[in-house]
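The next block holds one structure in the form of structure tokens; read it before the comments.
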Amino acid sequence: MAKRPWLVIFLMALPLFSGALVSILAQGFFQPVPVLVFKIDVGMVAFIAGLIITLFLLSFYAGGLLVERRSQHMLERSLKEAELGRRRFLRRLDHEIKNPLTGLRAALVNVQEARGTDERQRASNNASRAVDRLSRLLADLRKLSDLEERSLENLPVNVPELLQDMVDAARSIPAYGDREVNLLISRVPSPFPTVRGDRDLLGVAMYNLVENALKFTSENESVEVRALEDGRTIVVEVADSGVGIPAEDLSNIFEELYRGSNARGVDGSGLGLALVRRIVALHGGEIDVRSRQEEPRGTVFSVRLPVSKL
Amino acid sequence: MTLLLADDDHTIVDSLAPFLERAGFKVLVVSNGAAALEKVQSHHPDLIVLDVLMPRMDGRETLRRLRHANVWTPTILLTQVGEASERALALEEGADDYLNKPFDPHELLARVRAVLRRARPGERSLSAAWLLTADDLVLDRRARRASLKGNSLELTPKALAVLEYLMTHPDEVVSRERLLNAVWGWEYPAGTRTVDTRMAELRRALDDDPASPYYIETISGEGYRFIPSVHGEG
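Quick look at the structure:
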């Protein structure tokens, strides 16, 4: 539309001109012509009709221009946001690599200069811890990029069974071995509907949520995993009574490599929740979080997944 | 035993070569695929460790040429990306095993030993065969289909890939971590359970009783082992 503005203006003005022309040719202005029993100002009617059509076309055109400009603006803004996001990601990545690398360097110096087997042993333990951290970061980065490329399995997934597996898996980590996780699943009327998708990926998502809940709670706080369904949607909630997430962090925690003020100094790649969000989105679902830092405090992550149609 | 290590990254080979030498191997080092081909012809190594991304000729092309020339020296491919298609390709070119970077050198050593144990010098390895048969079980790798006593098995692609890995590594104890690394391409703490789920699916399809298995045995605390001998064709 915007490519030939003169043609557009000409076409829009055409009805107005033809109306004016008709009104002059038909009668000379303001001389009513008798049609049947009525005297109708045919010239004026033609003129007004032309005017109305032109005005209509004009408003249509202006509206189109406006929409176009707005969408252009939105595109620019989302490009700018993507660029900002990319820079933020690189800055965070730089930070996540810097720390273990510094540790690794120091540990290597200690290995070289150690004055006994004990010191050397401690230094090499530190070195391998730093390497583990880097490997974990790399592995999660790869999972994220892999998600964009791999083809998803599309099979019915038994959610209660999956949740039980993932809760068991999280509790099999020595640090969480003595922790209780309450698993609540509505069992009446049975059976619980299935979700269509990739069991392994959904497992990664659920596991990350459960492990997070355990990571950010202490022994006397509780963790609960519950699943509900209403025939269309399955809702999985992972709730804990831990310290809660500060309000200013809540909107950012699903971002890649974002670390909320609670999460600084806590083990983890900083990609766990980003992975969860991506996996849930790939399954046509949504994830939300609500959290309170005052009593009764705690955090609830809720994942909504569409029930598979038979 | 002579081992040819082909990788263009000096920090990697400078550390891996002495490590493998300490384990009792004679190690030859080259930094690109063309040089690897020459070394294979002049020195006839017992095993090749081949990096995928190399200048002049990449590892994949090198392996293709070797196999094309009917050279069946056992080869471990070092892949960079943990992508499923990459691993399928690795099989297509007849690698005996593959390892994702970054890896633990002990893991490489374990693979080297396992591949050497399985190797029959000069013969085409199971990893390069398209049709695998173990008694009543037939796996057609090109068509991605398995059948038992002539009846087609209904398996998820993952379970089929697990079966494929086990059948190309028969009589070898394969850990869950290794299956994850090889079939899924990534590891995570709950991953071992993921492997168990697929294994249960596979056993159901094969009608294999875990208590007295015919095909797949669980080695407690270690992993799984494919019991019957496997015959490869084509």
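Those sequence lines, one after another, are chains A and B.
When we follow the working numbering, the leftmost residue of the first sequence carries the number 448, and every step to the right adds one.
When we follow the working numbering, the leftmost residue of the second sequence carries the number 18, and every step to the right adds one.
The beta carbon of each residue, even a glycine, is placed where N, CA and C say it ideally should be.
For a cutoff of 9 Å on Cβ pairs, would you count A:R589 as touching chain B?
yes
Close Cβ partners of A:L645 (< 7 Å) along its chain, the five nearest in sequence each way excluded:
Checking the sequence shown, residue 645 of chain A turns out to be Asp, not Leu. Taken in chain order, the residues that qualify are L599 and E600.
On the DSSP bridge assignment, give the partners of B:Y182 in chain order.
Paired residue(s): none; B:Y182 is not in a bridge.
What does B:T19 pair with, by DSSP beta-bridge criteria?
Its beta-bridge partners are B:K43.
Closer than 9 Å by beta-carbon distance: list the chain A residues that pair up with B:E204, in chain order.
A586
Just curious, the alpha helix (DSSP H) that A:N655 is in, first and last residue?
That run of the alpha helix (DSSP H) goes R646 to K662.
Suppose the cutoff is 7 Å on Cβ atoms and the five residues either side in sequence are ignored; what does the same chain contact list for B:L165 look like?
D153, L154 and L223
Once you ignore the five residues that flank B:M71 on each side, which residues in its own chain have a CB closer than 6 Å to its CB?
Excluding positions up to five away in sequence, the list reads D25, N49 and G50.
Return the CA-CA distance between B:E194 and A:E742, expressed in angstroms with no decimal places.
Between B:E194 and A:E742, the C-alpha separation is close to 42 Å.
So, does the CB of A:A617 fall closer than 9 Å to a CB anywhere in chain B?
yes
Residues near B:A136 in its chain [Cβ-Cβ closer than 6 Å; skip 5 each side]:
P91
If contact means a Cβ-Cβ distance below 8 Å, which residues of the segment 149-176 of chain B contact chain A?
T173, P174 and K175
Looking at the unbroken alpha helix (DSSP H) that takes in A:I500, where does it start and where does it end?
V489 to E560
Please specify which runs of the alpha helix (DSSP H), each continuous and at least 4 residues long, are wholly inside the segment 705-732 of chain A, giving them in chain order.
Fully contained in the segment 705-732 of chain A are the following alpha helix (DSSP H) runs of length 4 or more, in chain order: 719-729.
C-beta atoms of A:V672 and A:V690 nearer than 9 Å
no
Neighbour flag for A:V723 against chain B, beta carbons, 9 Å
no
In chain order, what residues of the same chain have a beta carbon less than 7 Å from the beta carbon of B:G251, not counting five sequence neighbours either side?
A146, W147 and L148
Looking at the secondary structure, which residues open and close the beta strand (DSSP E) in which B:H248 lies?
For B:H248, the enclosing beta strand (DSSP E) stretches over residues H248 to E250.
Write down the C-beta distance between B:V57 and B:L83 rounded to the nearest angstrom, noting that I regard them as a contact closer than 8 Å.
Between B:L83 and B:V57 the Cβ distance is about 7 Å, and since that is below 8 Å, they are a contact.
Got a sec? Which residues, its chain only, sit under 6 Å from B:E103 by beta carbon, not counting five neighbours each side?
Any reading at B:E103 is ruled out, since the residue's pLDDT is 48, under 50, leaving its predicted position unreliable.
Shorter than 9 Å from the beta carbon of B:A127 to some beta carbon of chain A?
no
Could you check whether A:L551 and A:V578 sit closer than 9 Å to each other, using their CB atoms as the reference points?
yes
Name the chain A residues that come within less than 8 Å of B:A207, Cβ to Cβ?
D612, M613, A616, A617, G650, V651 and Y654
Rounded separation between A:I692 and A:R739 - CA only
7 Å
Please say whether B:V47 and B:L64 have beta carbons closer to each other than 9 Å?
no
Roughly how many angstroms separate the alpha carbons of B:A101 and B:W201, rounded to a whole number?
Note that B:A101 scores 49 on pLDDT, short of 50, meaning its location in the model is unreliable; the coordinates nonetheless yield the value given after this. Rounded to whole angstroms, B:A101 to B:W201 spans 7 Å at the Cα level.
Is A:D615 helix, strand or coil by DSSP?
DSSP places A:D615 in helix when its eight states are reduced to three.
Where the beta strand (DSSP E) containing B:N117 begins and where it ends
First-last of the beta strand (DSSP E) with B:N117: D114 to N117.
Would you kindly check if the distance between the Cβ of B:D114 and the Cβ of B:I93 is under 9 Å?
yes
Using a Cβ-Cβ cut-off of less than 8 Å, list which residues of the segment 599-611 of chain A approach chain B; keep chain order.
E600 and L602
Please compile the residues from chain B whose C-beta is within a distance smaller than 7 Å of the C-beta of A:S582.
Chain order gives the chain B residues near A:S582 as P119, where near means a beta carbon separation below 7 Å.
Residues of chain A with CB under 9 Å from B:R252, in chain order?
This structure cannot speak to residue 252 of chain B, because chain B is shown only from 18 to 251.
Strictly below 9 Å CB to CB, what residues from chain B border A:D647?
K175, W201, G208, T211, T214 and R215
For B:N117 and B:N198, believed in contact at Cβ under 8 Å, the rounded distance
6 Å
Kindly indicate if chain B contains any beta-carbon less than 9 Å away from that of A:D593.
yes
Tell me the DSSP secondary structure of B:E73 in three-state form.
Correcting the residue type first, residue 73 of chain B is Arg in the shown sequence and not Glu. If DSSP states are grouped into helix, strand and coil, B:R73 belongs with coil.
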